[in-house]
Amino acid sequence: MLLTRILRSVVVLALVGLLTMALPSLTTGNPAIAALGMEASREQIAEFLSRLNLDDPAPQRLAAWLGNAAQGDLGSSLTTGREVAEEIITRLPITLELLALGQVLALAITLPVAMASAWRPGSILDRFATTVAFVLISIPVFVLGLLAIALFAVMLNLLPATGWVHPLDDPVGHVRHLVLPVLTVGLSEAAVLVRVLRADLITTLGQPYVMAARSRGMSLPRLMLTRALRPSSLSTVTLVGLGFGAVFGGSALIETVFAVPGMGRLAVSAIGARDFPVIEAIIIFSAVAVLLAMAIVDFLYTRIDPRTRRGRS
Amino acid sequence: MAAVEQTPAATAPHAATQTYNRRRVGGLDLLCLTYLVCLATGCLLSLVLPQIDAYGQDFTAVLQPPSPEHWFGTDSNGRDIFDRTLKGGLSSIVVALLTVTIGIVVGGGLGVVGGYLGGVADVVVGTLLELLLSLPGLILVMVVITLLGPGYWTIGTLIGIFMIAPFARIARSATLAVRDRSFVQASRLLGAGPARAIVTEVIPSVLPAVGAYAFTAVTAAVVAEGSLSFLGFGLQPPEPSWGGLISEGRTHLGTAPWITLAPSMVLCATILSVNLLGQRLSTTTRQP
Amino acid sequence: MSGLVVTDLHVRYRVPGGVLDAVGGVSLAVRPGSAVGLVGESGSGKSSLARAIVGLTPIFSGSILLDGQPVAPRRGPGGVQMVFQDPIGSLNPSRQVIDIVAESLTIDGVRRATRRERAAEMLTEVGLPPNLFATRRPGQLSGGQAQRVAIARALLAEPAVLVADEPVSGVDVSVQAGLVNLLHRTTSKSGAAMLFVSHDLAIVRALCDDIVVLKNGQVREAGRTNAVIDDPQDSYTRELIEAVPEI
Amino acid sequence: MTHHNHPLLSVRGLSVGLSDVDGRSAHVLEDVDLTVAASESVGLVGESGSGKSVLARTVLGLHPRTTHITAQGGISFAGNELLGLTPRAHRQTLGTDVSMIFQDPSSSLNPVVRVGAQILEATHRRQSSAHQRRALLTGLLESVGLTDVERIARAYPSELSGGQRQRVGIAAALAGAPRLLMADEPTTALDVSVQRTILDLLDQLRHERSLAMIHVTHDLALLSGRSDRIIVLYAGRVMEDGPTPQVLTQPAHPYTRALMEMRPRLRRPQPLPLPQIRGDLPRLDQPRTGCPFAPRCALADTRCHSERPPTTPVPESTLGHVAACWRTVEAAALAVPLREPAGRSHP
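Protein chains in written order, with our numbering: chain A, 1 to 313; chain B, 1001 to 1288; chain C, 2001 to 2247; chain D, 3001 to 3347.
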């Protein structure tokens, strides 16, 4: 079971790697000229091509990339010249902080709202919560971000609109800059989570075992917290897990809106510049992150539901 | 044994996961439908009506606020935002339709075949789905668009490829749920081959789930197209698109917010309408 | 040898941490036109055995012969058909009753008018007037009516053996008797043999000529129904009979 | 025979309508009377749609939160009126005096909570030390015939067999020291051989603890020798109510008779075809007039279809044996006055 799972992940990663390494062959025209500009000399171009081995077949390029990566060498950016590994190490914490705080906020909103909603489906509170969630779900994250800027930065002038400050340089400024992007991530994520968790809670509350616990005199608040929440949390855990799986590049929109120099911005600028070493690293690491997140989610399943521990009955 | 009380109330499907007061076509449904029809008509008319001018610059009327003449105001080049929004909607419509078609045909097909046949076919489909799921969709689409150049068809096809996975997953699990139901097995016993079983027994059972997801997929495609053009990887200027218009207005958010807000509202209203209609449809077409 | 003959049949499932011998070497025979009751509790392997006989579950070893030939997917009359436990679930919810009943004729390429006519006759036969039921969909049927439709569908395929897997255990007492009578009457009339899978000894005694008692995938006792129930030789069979409450 | 002077539970003229969020509604119970005396065992028999489970749930105040119920009549438990209370007050009035055993032990136990914790759910309001709780748990598990108490208390429901799960369900129902046990088809989901041991266990516990019990079932035969009284429900109405021996040996209502005759007998087989009644169970979402069984009844005349039969004492039987049938009314009119049963008085 576990073995086939690992095997499948390896196959998937190999396919991702091959696909990634085949990308340069899609380029129309000469990638060297595209990268170096028209005034590049013949020697420069030749050196460029041999360094990047862009013309090699994908398997060969993948093997070379893996060989280098094993030694900690992910290549250098074509535009900035900085090492890709260094670029990732400086930017990854920025994105991680943003996503982690966003998810925490989303969960902090979701848990009470979903429970209150599922408490009495159809109540005024439930209708209000589901309507707000429904509207929020229909607002793309970049529009939500711009609305937040328009309201809090432009109209009310409470918070900085865009930008990012290093926490050691200016802790207060760091937090002030984080508020709007975190709020945006948190709200749009919460809209999805509330709907999912509410529906799952309602399903659970309709189960015979909940009625059985009620027949033994268990109060509803206790029932909700100690009996219903856990079996209802599988989809929510999956979504949060996949949210973290998006740490490499999934944050491109939010970072663009708020000009946060994280992984997402790195991806967008690298793609615009056809900076293949950066692009390749981001895609491969992104796949690793997603597979890792899914593995963690699966592990959490076995913690949540004992039935998943030894094959399902 | 027949012990469960078979009162209609006791056996009613758990409906509380849906919002209430449904079953009847409400004013809201009509409003959404009217909006979407008008929008689509307007977008299509922008192709033929010379009055809808998405490109004409008028430097005597830059950054004008909304007025009877310019419903959504004008941008920094004096172009009419309303006309540009209508023209920009075309790209969303084409991309959404293309995407959902690819998703239903390829994804739905793969899911049904993999789920029904099982074995090697299912392993291949499963691996393909995991591959698609683990790839950073937005980034990969941007890379390929950069390399191949943007266009309706390229964008639609690329987003469509990433829409295969969710459709296939839904179709596969619906197929698995129905494959071992005894009515499918009964048709096998009566001599139906896999093709007949899939067409007459499986597909009708899978269709409602896939159809319900199609609405979600339309909104996802519209958001994806908007995101791409917002990041500058959609149709290139001066060709308008909703994401592009929203992005262009960002620098004027303080002085001329309508440039960003007007197309944003149109975008959100579109998504909201599709979502609402999808939800209504999926709750009313369930088996009684 | 005529009739259905099962010889040393094994059915295995892979389960987490090993294999499960659901059916572990079962032999039995169903003579043409006779009714055999297959009795056992949950986990006895009776459903696995029934599904293996109709070909819905692959067999691990052993043989299943019908009139000396291996049981193959249906081609025309004289094969095996099945009636399932869950009556509503065994009917495609999106199709009309008349089309469900006529399915085997559709597959055989019979003309539409002919197959409608024969399906309507069969509906009458099972006690569902076609003018009331032909155009209904499964969602508009009660459990008992749905099971009648399923029986009609199976009988229209003219099977030599009808395998009925707990066909009356999901329905109410007041509906059960009608279904038992229907199964008896229609199989007697068409000459089809029946393998009646059930946990209900009383119904098996009423309906079946022979009985096979199954436990943990093995035959514990087999013989004429009256003889086995009046004078059980096996301790488990005795236990089963004694556990049945009766007024 | 025990003297049943004060009814523990009394249901008077109860009518219940249910409607769900889709607005579909049904009259599930109509004018139902039911009394259960302390330590009395009552069998509640009916097929699908008879309302037997709804009756049990209405007494317990345990309806799904999404169904809307309207109820008329009265339910009182140990002198306290329950109908009309909010669900919360209803539950508080009952406390742990009434508990329920559910039909399907695998779905009525929470799959992600250890068995021990679920058994003690009924006791959480009482102040008690961990030691006391542990002793209580051990005692409960042992009293329902489970050995290897330590392992079972820590197990999840999926790690137990069907019979073990139902024993756990019974232990959980006993944890609050109830006076009335409501068993809703407690053995339907179990194998025949397990079925009998569970029924024996329930009988034993009931006698040991002087519990009153309502045994909801579709199977009349199960109640033979196990319950004091049988109440037969059809389409939400009481068809017949009487002491078990009388109902089983001289059933007065044609429906009760049909229920008994339609089941083939294992030990006294009869040739096919089995006696059967025409038609199908009635739909509860449509209005009914007259006797609900009339459309399927061989003895029905026009009055049966139009006029509702009153509940009438069955002639030639003991006191407390009543049926709602026009044929009984006619027979009673012709019969000699009732004889008084020996050694038994009824409120």
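Where a beta carbon is used, it is the ideal one built from N, C-alpha and C, also for glycine.
- Any Cβ of chain B closer than 8 angstroms to the Cβ of valine 196/A would place that residue at the interface, and such an atom is absent.
- Residue contact check for arginine 3154/D against chain A: no CB pair falls below 8 angstroms.
- Taking 4 residues as the shortest admissible run, the region 1220 to 1262 of chain B contains the following complete alpha helix (DSSP H) segments, listed from N- to C-terminal end: 1242 to 1248.
- Within chain C, Ala2243 have C-beta atoms less than 7 angstroms from the C-beta of glutamine 3195/D, given in sequence order.
- Taking a cut-off of 8 angstroms on C-beta distances, the region 191 to 207 of chain A touches the region 112 to 123 of chain A, as three or more cross pairs fall below it.
- Within 10 angstroms of the beta-carbon of valine 104/A lie fewer than 16 other beta-carbons, which makes it exposed.
- The C-beta of aspartate 2086/C comes closer than 8 angstroms to at least one C-beta of chain B.
- In the displayed model, proline 1068/B falls within coil according to three-state DSSP, outside both helix and strand.
- Interface annotation, alanine 69/A: not in contact with chain D, CB-CB separation never under 8 angstroms.
- Exposure of leucine 156/A is indicated by the presence of fewer than 16 other C-beta atoms within 10 angstroms of its C-beta.
- Residue contact check for valine 3112/D against chain A: a CB pair falls below 8 angstroms.
- Judged by pairs of C-beta atoms under 8 angstroms, the region 3221 to 3240 of chain D touches the region 3249 to 3266 of chain D, as three or more such pairs exist.
- Nearest neighbour of arginine 3278/D by Cα position, chosen from Gly2139/C, Leu2065/C, Val2175/C, Ser2034/C, turns out to be Val2175/C.
- Secondary structure at glutamate 3208/D: helix, using DSSP grouped into helix, strand and coil.
- DSSP places histidine 3068/D in the strand class (E or B) of the three-state scheme.
- The beta carbons of leucine 23/A and leucine 1281/B sit no closer together than 8 angstroms.
- Per DSSP, reduced to three states, the secondary structure at methionine 2122/C is helical.
- Interface annotation for the region 1196 to 1215 of chain B against chain C: Arg1196, Thr1200, Glu1201, Pro1204, Ser1205, criterion Cβ-Cβ distance under 8 angstroms.
- For valine 2168/C, the closest alpha carbon among the candidates Ala2160/C, Val2161/C, Arg2148/C is that of Arg2148/C.
- Not flagged as an interface residue toward chain D: glutamine 103/A, since no C-beta distance is shorter than 8 angstroms.
- Annotated three-state conformation of leucine 2141/C is coil, per DSSP.
- Pairing arginine 2153/C with valine 1210/B, the inter-Cα distance amounts to about 30 angstroms.
- Runs of the alpha helix (DSSP H) lying entirely within the region 2199 to 2237 of chain C, each at least 4 residues long, are 2201 to 2207, 2225 to 2230 in chain order.
- Looking only at Ala3171/D, Ser3227/D, Leu3259/D, the smallest Cα-Cα distance to alanine 3037/D is reached by Ser3227/D.
- Here valine 172/A is exposed. Its C-beta has fewer than 16 other C-beta atoms within 10 Å.
- For chain B, the residues of the region 2081 to 2108 of chain C that bring a beta carbon within less than 7 angstroms of one of its beta carbons are Gln2081, Met2082, Phe2084, Asp2086, Gly2089, Ser2090, Leu2091, Asn2092, Pro2093, Ser2094, Glu2103, Ser2104, Ile2107, in chain order.
- Take arginine 2031/C, set aside five residues on each side of it, and the residues of its chain with a beta-carbon closer than 6 angstroms to its own are Gly2003, in chain order.
- Fully enclosed alpha helix (DSSP H) runs of no fewer than 4 residues occupy 31 to 36, 42 to 52, 58 to 70 of the region 19 to 103 of chain A, in order along the chain.
- Taking a 10 Å sphere around the C-beta of phenylalanine 3102/D, we find 16 or more other C-beta atoms and assign the residue as buried.
- Check the Cα spacing between alanine 3221/D and each of Gly3046/D, Asp3031/D, Ser3025/D: the tightest is with Gly3046/D.
- In terms of beta-carbon proximity, glutamate 3185/D stays away from the interface with chain A, with every pair separated by 8 angstroms or more.
- Interface annotation, arginine 2074/C: in contact with chain B, CB-CB separation under 8 angstroms.
- Cβ atoms of phenylalanine 2133/C and valine 2097/C come within 8 angstroms of each other, at about 5 angstroms.
- Beta-bridge partners of asparagine 157/A (DSSP): none assigned.
- In the DSSP assignment, aspartate 3241/D falls within the beta strand (DSSP E) that extends over 3237 to 3243.
- Per DSSP, the unbroken alpha helix (DSSP H) holding isoleucine 124/A starts and ends at 124 to 137.
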